[in-house]
Amino acid sequence: MPTEVLRAPLVVEFPFTRSLGPVQSAFLTGLRERTVLGVKTKDGRTLVPPVEYDPVTADEIRDLVEVGATGTVTTWAWNHEPRRGQPLDTPFAWVLVRLDGADTALLHALDAPGPDEVRTGMRVRIRWAAERTGAITDIACFEAYEGAVGGEVGPHDGEFSDLVTGIVAHARLDYTYAPGRAQTAYINALSDQKTVGERCPSCHKVYVPPRGACPTCGVATTERVEVGPRGTVTTYCIVNIKAKNLDIEVPYVYAHIALDGADLALHARIAGIPYDQVRMGLRVEPVWTEGGRFPDHYRPTGEPDAAYDTYKELV
Amino acid sequence: MPSAKPSARPSVMRPVRDIAIVAFGQTDHLRSTDELSEVEMLMPVLHQVLAATGLKTSDIGFTCSGSSDYLAGRAFSFTMALDGVGAWPPISESHVEMDGAWALYEAWTKLLTGEADTALVYSYGKSSPGSVRDVLTRQLDPYYVAPLWPDSVALAALQAQALIDAGDADEPALAGVAARSRQDASANSHAQLRGSVAQGDYVVRPLRTGDCPPIGDGAAAVILAAGERARDLCERPAWIRGIDHRVEAHSLGVRDLTDSPSSRLAAERAGAFERPVDTAELHAPFTSQEVVLRKALKLGADVAVNPSGGALAANPVMAAGLIRLGEAAARIHRGESDRALAHATSGPCLQQNLVAVLEGDS
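Here it is in C-alpha cells:
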C-alpha cells in the first residue's frame with residue numbers, strides 16, 4: 000500500500016521576552032558600555048559570564064567586578080561552515096575565553112584567517128559590535144591580540160544609567176512537516192472532497208481524522224472507510240470573540256459533528272442557519288469553496304433532527 | 000536532634016525492591032521515516048515488548064515516556080503518541096521532556112513505592128523533519144549562549160579539542176573509537192551506520208563526520224517488573240542494582256570539559272565501583288565523549304564498551320539513552336553479560352548523566 004508522502008515546510012518562530020536579574024542586568028548593560036563584569040564567589044573566584052548563584056555552593060552572589068576585555072583561549076573548534084544565526088558569516092573559531100581577571104571562560108566566536116592561526120593559550124581581545132543593545136551579541140567576536148594584559152580589573156558597583164532589564168530571545172527553527180501514513184491518506188481524500196477514517200481491527204470503531212492508532216486498543220488502524228458526507232451535531236458552542244486575521248463575523252457556531260459512519264466527532268464551523276438555531280441533533284453537510292482543500296463549513300441538510308439515542312455515545 | 004553524621008564516602012542507594020528490565024525493543028533506526036507519524040513509528044515497538052512478556056496494555060501498572068516536541072516541531076506530540084498505548088480505560092501515565100532513560104528512572108521510582116509492579120517505558124525521536132544541530136541550541140542558556148547559535152557539533156568539538164590539549168586523545172584515537180563502534184554495530188540489525196564508515200572531512204574541527212553520530216529517527220521501549228513478577232515474565236531478568244543521575248553547571252566555561260564528575264558520582268551512587276562490570280553501554284554521541292566517559296567511569300580495557308555500536312551507530316535523539324539501558328539488559332537476558340553498566344546523557348558536552356548497574360542471576 001505505497002502512498003505518496005505529503006511534505007510541507009513548517010517554520011516555528013517565537014520571540015521570548017526574558018527579564019534579567021540584578022547580575023545579568025549589570026553584565027549585559029556593561030557590554031553595551033564596553034565594560035565586562037564578572038561576579039565574585041565567597042571563596043574568591045571570579046565568574047565570567049556572571050551568574051546569580053555559585054554553581055558549586057549555590058550561595059547567592061552579587062559582588063560585581065570588572066575584568067579585562069582581553070583574555071586567553073582555553074579551548075577552540077574551527078567552524079568552516081557558519082550556520083544561520085552564528086556570530087560571523089565567514090569561517091571562524093568557536094572559543095572559550097578566560098578574560099583577564101576571570102577564573103572561568105566565556106563562549107564566543109574568534110575571527111581568524113584559518114585554523115592554523117588559532118591555538119589554545121592564544122591571546123585575544125573583544126571586538127565590540129558597532130551597535131550595542133545590552134546582549135551577548137554586543138561582543139561581535141574576539142580577535143587576536145598581541146598587547147599586554149589590559150583593561151581595568153577591580154570592584155564595580157554595577158551602576159549604569161538606563162539599565163537593561165530584559166532581552167528578547169528570538170528563536171526560529173525550520174522543519175519539513177510530514178504527516179505520516181494515516182493523515183496523508185486523510186488529506187489526500189479531502190482534495191477529492193471525500194472524508195476517510197480508519198477502522199480499529201479490535202473494537203471496530205471508525206476514527207476520523209485517522210491518526211494511525213486506536214487510542215482505546217493501542218493497535219494500528221489500517222482499514223480505510225469513507226464516512227459522511229452528512230453528519231449530526233453532537234454538541235456546539237457560540238463564539239463571540241473575533242480571532243485575529245479571521246474573516247468570519249461573530250457570533251458564529253463551532254460544533255462537534257459525528258459524520259455518518261464515524262465513531263468519533265470532528266469539529267467544524269456551522270453556517271447557513273442563525274447561530275441561535277443550531278442545536279444538538281441538527282443534521283448537517285459540508286460546504287466546499289472552490290479550490291478549497293477542506294470543507295469551509297457545514298450547513299443544515301433540512302432533514303429531521305437525529306434522535307439523541309443515535310449519537311449519545313459520541314457526545 | 001541533629002541528624003546522623005554524614006559518612007565521608009557517599010553511600011550507595013539500596014533499592015527497597017528488586018526491579019528488573021524484563022523486555023526491550025527498538026525500531027530500525029533510519030535517516031528518515033517520512034511515511035510514518037510518531038505514533039506509527041512507535042507502535043510496533045510497544046507491541047514487541049508486550050508480546051515478549053505476554054502482557055496486555057491493561058496489565059501495565061505505570062507508563063512513562065520521554066520525547067521532545069522540538070525535534071519534529073509538533074506541539075504536544077507525546078499526547079498523540081499515547082494513542083499507541085491504549086489509554087482507555089484511564090491509565091497511570093507520565094512523560095519527561097528528556098531521553099527515555101529518565102522516564103525509566105521515574106518508572107523505577109514508581110515501582111519502588113510499591114504502587115505498581117510493572118511499568119512500560121518508551122521514548123522516540125524524529126530528527127529528520129528539522130535540523131537537529133540547530134534544534135539542540137534551544138536547550139542552551141538563553142541569555143549568554145543560545146543567541147550565538149552554537150550547534151551541538153561545535154560544542155562537542157570544543158570538548159574534543161580540550162581532550163587533545165590535555166593529551167587524553169588525538170585524532171587517530173578518536174577515529175579508532177568510531178571504527179570500533181561501527182564495526183561492532185555490524186552485528187546490530189537496528190543500527191543506522193554499520194561496518195566500515197569513512198572518517199570523512201571536518202564538520203567542526205577537530206571532529207570529522209566519523210566522530211559524529213548519524214542523524215535519524217527511531218523509538219525504543221522496555222518493560223520493568225518488580226520481584227517475582229519479573230521472574231514470571233523473563234527467564235533471566237536484568238536486575239537494576241542501582242541507578243542514579245547527576246547534573247553539572249550549565250555554563251561550559253565553568254566545567255572541566257575533559258572530565259565528567261557527574262557521571263562518576265552517579266556511577267558511585269549506583270554501586271558501579273563495588274565490583275567490576277563486564278559490559279558498558281555508554282551514551283556517547285561523539286567519539287571524544289567516549290574517551291571522557293571511559294576515564295570518568297574507570298572502565299578498563301577488559302570491559303566490552305558499546306558492543307551494540309552505541310550512539311555512533313544510531314542516535315535517535317531522546318531514545319538513544321534508553322536504548323543503552325535496553326542493550327545492556329538484553330545482553331544479560333541473553334546470558335552474554337552478568338554485570339553491566341548503562342549510561343545515558345543529556346545536554347551539551349555531557350551536562351547530565353544517568354548511570355544504572357544491571358545484573359543477571361548467577
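Chains as they are written, first to last, in numbering that gives the first Met the number 0: chain A, 0 to 314; chain B, 0 to 361.
Yeah, the Cβ is synthetic: ideal placement off N, Cα and C, and Gly gets one too.
Item, Value
"According to the neighbour-count rule (16 or more other Cβ atoms, all chains shown, within 10 Å of its Cβ), is A:Asn78 buried or exposed?", "buried"
"For B:Met317, go through chain A and note every residue whose CB falls closer than 7 Å to its CB, in chain order.", "Residues of chain A passing the Cβ test: none, with the nearest at roughly 16 Å."
"Please report how far the alpha carbon of B:Pro14 lies from the alpha carbon of A:Pro209, in whole angstroms.", "43 Å"
"Less than 6 Å between C-beta atoms, sequence neighbours within five positions excluded: which residues of the same chain meet that for A:Ala101?", "Gly37, Thr45, Val47 and Val66"
"So, B:Leu321 versus B:Gly72, is the Cβ gap smaller than 8 Å?", "no"
"Does B:Ala161 come out as helix, strand or coil in the three-state DSSP assignment?", "helix"
"So that I know if they touch, is there some Cβ in chain A lying closer than 8 Å to that of B:Ala341?", "no"
"Just reading off the beta strand (DSSP E) that A:Lys39 is part of, what are its end residues?", "Val35 to Lys39"
"Which same chain residues, not among the five before or five after A:Val11, have their C-beta less than 6 Å away from its C-beta?", "Leu172"
"Does any C-beta atom of chain B lie closer than 8 Å to the C-beta of A:Arg229?", "no"
"B:Ala74: which of A:Ser201, A:Arg292 and A:Tyr176 sits nearest, CA to CA?", "A:Tyr176"
"Over what stretch of residues does the beta strand (DSSP E) that includes A:Asn187 continue unbroken?", "It is not in any beta strand (DSSP E) - A:Asn187 instead sits in the alpha helix (DSSP H) that spans Gly179 to Leu189."
"So, for A:Glu284: in the same chain, excluding its five sequence neighbours on each side, which residues have a beta-carbon less than 6 Å away from its beta-carbon?", "Pro228, Arg229 and Thr300"
"Would B:Gly217 pass as a contact of B:Pro347 if the rule is Cβ separation under 8 Å?", "no"
"Measuring only the C-alpha atoms, how far is B:Phe23 from A:Thr16?", "43 Å"
"Provide the residue span of the beta strand (DSSP E) that contains A:Val72, from first to last.", "Thr69 to Asn78"
"Out of B:Tyr69, B:Ser57, B:Ile59 and B:Gly83, state which residue places its alpha-carbon closest to the alpha-carbon of B:Val38.", "B:Gly83"
"How would you label B:Phe77, buried or exposed, when you count the other beta carbons within 10 angstroms and need 16 or more for buried?", "buried"
"I'd like the list of long-range same chain contacts for A:Thr288, defined as Cβ closer than 7 Å, with 5 residues on each side in sequence excluded.", "Asp295"
"Quick check on the DSSP output: the alpha helix (DSSP H) that includes A:Tyr251 runs from which residue to which?", "Taken as a continuous stretch (DSSP letters only), A:Tyr251 belongs to no alpha helix (DSSP H), being part of the beta strand (DSSP E) at Tyr251 to Leu258."
"Looking at chain A, which residues of the region 135–148 of chain B have a Cβ within less than 7 Å of any of its Cβ atoms?", "Arg137, Pro141, Tyr142, Tyr143, Val144, Ala145, Pro146, Leu147 and Trp148"
"Using the three-state DSSP reduction, which class does B:Gln182 fall into: helix, strand or coil?", "helix"
"What's the C-alpha gap between B:Leu232 and A:Leu263?", "36 Å"
"Identify each residue in the region 151–162 of chain B for which the Cβ-Cβ distance to at least one residue of chain A is less than 7 Å, and report them in chain order.", "Ala153, Ala156, Leu157, Gln160 and Ala161"
"Under 8 Å, Cβ to Cβ, is there at least one residue of chain B near A:Thr74?", "yes"
"Can you check whether the C-beta of A:Thr103 is within less than 8 Å of a C-beta belonging to chain B?", "yes"
"Nearest to A:Val163 by CA position, among A:Thr132, A:Ala181 and A:Asp137, is which residue?", "A:Thr132"
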